[in-house]
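Colleague:
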Amino acid sequence: MIASLTPDSMPQDALEVDAEGVTGATELPVVVLSEQVAFPRISQPLQVTDPASLWALERLRDGAQNVLLLQSAGDAQDADLYTVGTVCALVRQYLIPSGGYSALFKGQERAQVLATERDGDGLVAMITPLNESMRNGPELEALRRTLSTQIHEYAEKSNQVAPEVVSLARRITHAGYLADLAAAKLVEDPEHQQQLLEELDVYERMFAVTALLNGWIRTLDVRSSIQSQIQEGIESAQRNFYLKEQLRTIQRELGIANAVGDEREELLEAIAGSNMPETVRVRATKEIERLEGISPASPELAVVRNYIDTLLDLPWPPAQSRRRRVGLKSARRVLDRHHFGLEKVKKRVVEYLAVRSLTEESQSPILCLVGPPGVGKTSLGRAIAQAVRRRYIRVSLGGVRDEAEIRGHRRTYVGALPGRIIQGMARAGAVDPVFVLDEVDKIGRDFRGDPSSALLEALDPEHNRNFSDHYLEVGYDLSKVMFLLTANNEWGIPPTLRDRLEIIRLEGYTAREKMAIAKGHLVPRQLKDHGLAASGKTRLRFSDEALAAIVQRYTREAGVRELERRIAAVCRKVARRRAAGEPAHRVVRIADLRELLGPAPYTDRGEDTSDRVGVVNGLAVTAHGGELLPVEAAWSRGKREFLCTGNLGDVMTESAHAALSYVTRHAGRLGFQPNVLTDAFVHLHVPEGAVPKDGPSAGIAMGTALA
3 MIASLTPDSM PQDALEVDAE GVTGATELPV VVLSEQVAFP RISQPLQVTD
53 PASLWALERL RDGAQNVLLL QSAGDAQDAD LYTVGTVCAL VRQYLIPSGG
103 YSALFKGQER AQVLATERDG DGLVAMITPL NESMRNGPEL EALRRTLSTQ
153 IHEYAEKSNQ VAPEVVSLAR RITHAGYLAD LAAAKLVEDP EHQQQLLEEL
203 DVYERMFAVT ALLNGWIRTL DVRSSIQSQI QEGIESAQRN FYLKEQLRTI
253 QRELGIANAV GDEREELLEA IAGSNMPETV RVRATKEIER LEGISPASPE
303 LAVVRNYIDT LLDLPWPPAQ SRRRRVGLKS ARRVLDRHHF GLEKVKKRVV
353 EYLAVRSLTE ESQSPILCLV GPPGVGKTSL GRAIAQAVRR RYIRVSLGGV
403 RDEAEIRGHR RTYVGALPGR IIQGMARAGA VDPVFVLDEV DKIGRDFRGD
453 PSSALLEALD PEHNRNFSDH YLEVGYDLSK VMFLLTANNE WGIPPTLRDR
503 LEIIRLEGYT AREKMAIAKG HLVPRQLKDH GLAASGKTRL RFSDEALAAI
553 VQRYTREAGV RELERRIAAV CRKVARRRAA GEPAHRVVRI ADLRELLGPA
603 PYTDRGEDTS DRVGVVNGLA VTAHGGELLP VEAAWSRGKR EFLCTGNLGD
653 VMTESAHAAL SYVTRHAGRL GFQPNVLTDA FVHLHVPEGA VPKDGPSAGI
703 AMGTALA
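Quick note, the sequence shown lines up with residues 3 to 709 if you use this note's numbering.
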């Protein structure tokens, strides 16, 4: 770490150095500066404690004449160093109690870094000198005199410039020297200093420094004028009043006083016209009053204004609300129009709507739709919103791990926002929307909190009348919201949250139901989307056999998403051929599927009703529904061995061994001698070995196959 020495430790003559330079390309050790810039002709006191800079001092003691002082553009690594630095000579150094050295360097001249390389702990740079360009003439002399006067004026008004700097500036006649002195002693921003160091044109460098000083002097004049105006009408003890008057004076100078007053009146009118509870209204009014005391340049102004806008954007329940009655028959018709089948689910939803329409004080449980992907959980929530004529809001919770995503961030944090529930209510613009929380079984938890715990307050009818969001800091009523949750796996929902939900299971569709959905919904929609729905010769039709083959041989899922994608793929290819003027299908038949969709990825085994020795059909449960799982067994005389194949898991392998033990133990009751299996090679196989299989419920099927 390299830091500047205090001004008290600088010698009085440290500012004046000779102007002898270093010429020619050479290799020098590098001392890296952090947020500092060394200038030619100016002394640079440093504390050197890092290994690389200590190595550079060691090179000086070994005979090196100079070092290169180079500012770091980032984290003091050579990859982040500026390419222009200052060649300096070491004046003196001495040990300091904390370790390292206190050193004084004299700037010699600017240098361009051609290359750098590591040398042990240190850094060596190959440099070439950079020469200044002078424009001798009256303009340069006038600019030098102006800069000298500005240094004196700035020192008087700011009281932040050392007297020896002002005295030296009066004596300097070299324009480049004066510009470097001002840049080193008056400019505090390291980036500005680096820009001035890299400017080789003396006139341009002096002009840049003069412009900076001129702006600072004007700022000091405005500040002094404002303080003088305020001081005339107030007493020194009235500090708070002084600050407000100072702000008002600044606003008058900038011409924004009227705008602030108009904005305040508009916000107060908006609050008066809203349905905010009294406690929220008082809080919003206080925040508006805070706006008057915040500087327009302060970041807090945007924070307060965003908070007020959030309160105004939220829907607030009126003092008296009418009960919303729902026509149950019309609601059922809407559900039937959007979803095929699902009779149990529709019946339960209608019962739920009936209770909510009779009493708004009902504390019925929150519905949670659980089922495989693609069975219509999310779209069912949209249909419910349409049936009850309410706004529909959906928030996906998959992958959410931070509690602040639900409860919001406190306003003390930069970029704070309300939680997703409050954001959803603001988008809805109504106090009673249908609010779908999707993928609730995929909520995570980590060191930032448990989002499912934050959901408890929002979903519990006992507590959601005063839901607490960290950003709002006032209670918000969620009791009129119709929450609906969806999940793929019931047991992925946290137990404390699952206890507050009523689980409604959406089973997968049967092949017959998929056919009906495809004919009634999917095919018409895809034909319309692909421009193939017109009547006449351009209309595309699917035969029933083709749809059945797509369902059974090209999809293997509980829902209908993949089925719709397959139908869309057929429509795209037909549309492309028609657009290109090529012969295209008018009716898609089963024989056309291989051409349009390629080979079928699945085989339709169907039900094997024939009786065969050693073959038994079991049932398997997959993420896409259920399917047949045949189990095959065979034996032959030979070495005693039991072989299980078919990519079976540990549980199924144990079930197979248990089944063999049971069959061997009860061989007499099953009609064969025990030694038939004990002195034989027995092979148990479950087809489709590329698919991993495991589970605890295949023992009976295995035992039957072995028997």
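We put the CB at the ideal spot given by N, CA and C, even for glycine.
Quick caveat: nothing in here was measured; it's all calculated off a predicted structure.
Taking the continuous alpha helix (DSSP H) assigned at Q67, which residues delimit it?
Modeller: Q67 -> no alpha helix (DSSP H), and no H or E assigned at all.
Colleague: At a cut of 8 Å, does the segment 638 to 655 reach the segment 666 to 676 through at least three beta carbon pairs?
Modeller: no
Colleague: My understanding is that G87 touches T51, with C-beta atoms under 8 Å, so please give their C-beta distance in whole angstroms.
Modeller: Contact flag wrong, Cβ pair sits at about 20 Å.
Colleague: Rounded to a whole number of angstroms, what is the C-alpha to C-alpha distance between V69 and L62?
Modeller: 8 Å
Colleague: Just mark Y309 as buried or exposed, buried being the case when its beta carbon has 16 or more other beta carbons within 10 Å.
Modeller: buried
Colleague: Does Y84 come out as helix, strand or coil in the three-state DSSP assignment?
Modeller: coil
Colleague: So which of R307, A428, L650, L344 has the shortest CA-CA distance to A518?
Modeller: In this structure, L344 is the residue among R307, A428, L650, L344 with its C-alpha nearest to the C-alpha of A518.
Colleague: With respect to the beta strand (DSSP E) encompassing S398, which residues constitute its N-terminal and C-terminal limits?
Modeller: 394 to 398
Colleague: Only counting the same chain, and skipping five residues up and downstream in sequence, which positions put a Cβ closer than 7 Å to that of E155?
Modeller: I219
Colleague: Assign N161 to buried or exposed, taking buried as 16 or more other Cβ atoms, counted over all protein chains shown, within 10 Å of its Cβ.
Modeller: exposed
Colleague: Please state whether the Cβ-Cβ distance between R285 and V167 is less than 8 Å.
Modeller: no
Colleague: Give me the Cα-Cα distance between E22 and S45, rounded to the nearest whole angstrom.
Modeller: Low confidence applies to E22: its pLDDT is 41, below 50, so where it sits in the model is not reliable, and the reading given next is rough at best. Roughly 14 Å separates the two Cα atoms.
Colleague: Any contact of the segment 631 to 638 with the segment 681 to 692, i.e. 3+ C-beta pairs under 8 Å?
Modeller: Because the criterion of three Cβ pairs below 8 Å is met, the segment 631 to 638 and the segment 681 to 692 touch.
Colleague: Hey, is the segment 488 to 508 in contact with the segment 429 to 444, meaning 3+ C-beta pairs nearer than 8 Å?
Modeller: yes
Colleague: Which of the three DSSP states, helix, strand or coil, is assigned to S657?
Modeller: helix
Colleague: Name the residue from S470, P301, G600, L542 whose alpha carbon lies nearest to the alpha carbon of V416.
Modeller: P301
Colleague: What span of residues does the alpha helix (DSSP H) with A703 cover, start to end?
Modeller: Note, A703: alpha helix (DSSP H), 701 to 708.
Colleague: Give the secondary structure of V589 by DSSP, where H, G and I count as helix, E and B as strand, and everything else as coil.
Modeller: strand
Colleague: Kindly list the residues whose CB is nearer than 6 Å to the CB of H710, restricted to its own chain and excluding five residues on each side of it in sequence; keep chain order.
Modeller: With the chain running from 3 to 709 in the structure shown, residue 710 is simply not present.
Colleague: Who does F544 pair with in a DSSP beta bridge?
Modeller: V590
Colleague: Could you check where the alpha helix (DSSP H) with E575 kicks off and where it finishes?
Modeller: Per the sequence shown, the amino acid found at residue 575 is Lys instead of Glu. Residues 563 to 581.
Colleague: One question on the structure: do R350 and M484 come within less than 8 Å of each other, judged by their Cβ atoms?
Modeller: no
Colleague: Please return the same chain residues whose Cβ sits closer than 7 Å to the Cβ of I505, not counting the five positions on each side in sequence.
Modeller: C370, V372, E492
Colleague: For V665 versus A709, is the C-beta distance shorter than 8 Å?
Modeller: yes
Colleague: Output yes or no for whether 8 Å exceeds the beta carbon distance between P374 and G561.
Modeller: yes
Colleague: Using 10 angstroms around the beta-carbon of S74, count the other beta-carbons present and answer buried if the total reaches 16, otherwise exposed.
Modeller: buried
Colleague: Shortest alpha-carbon distance to L461 belongs to which of D471, G376, L499, A432?
Modeller: L499
Colleague: Helix, strand or coil: how does DSSP classify G178 here?
Modeller: helix
Colleague: Comparing C-alpha positions only, which one of L202, Q95, A27 sits nearest to P42?
Modeller: L202
Colleague: Would DSSP call Q162 helix, strand or coil?
Modeller: coil
Colleague: Within the same chain, show all residues whose beta-carbon is closer than 7 Å to that of M704, passing over the 5 residues directly before and after it, in chain order.
Modeller: Beyond the five residues adjoining it in sequence on each side, M704 comes within less than 7 Å, by CB distance, of V633, S657, A658, A661, L686 in the same chain, given in chain order.
Colleague: If you check the beta carbons only, do A127 and K108 fall under 8 Å apart?
Modeller: no
Colleague: Going straight from the alpha carbon of L534 to that of V336, what length do you get?
Modeller: 27 Å
Colleague: Looking at A520 and L565, is the spacing between their C-beta atoms short of 8 Å?
Modeller: yes
Colleague: Mind checking which residues open and close the alpha helix (DSSP H) that includes A602?
Modeller: A602 -> no alpha helix (DSSP H), and no H or E assigned at all.
Colleague: By Cβ distance below 8 Å, which residues in the same chain neighbour A513 in space, the five residues on each side in sequence not counted?
Modeller: A550, V553, Q554
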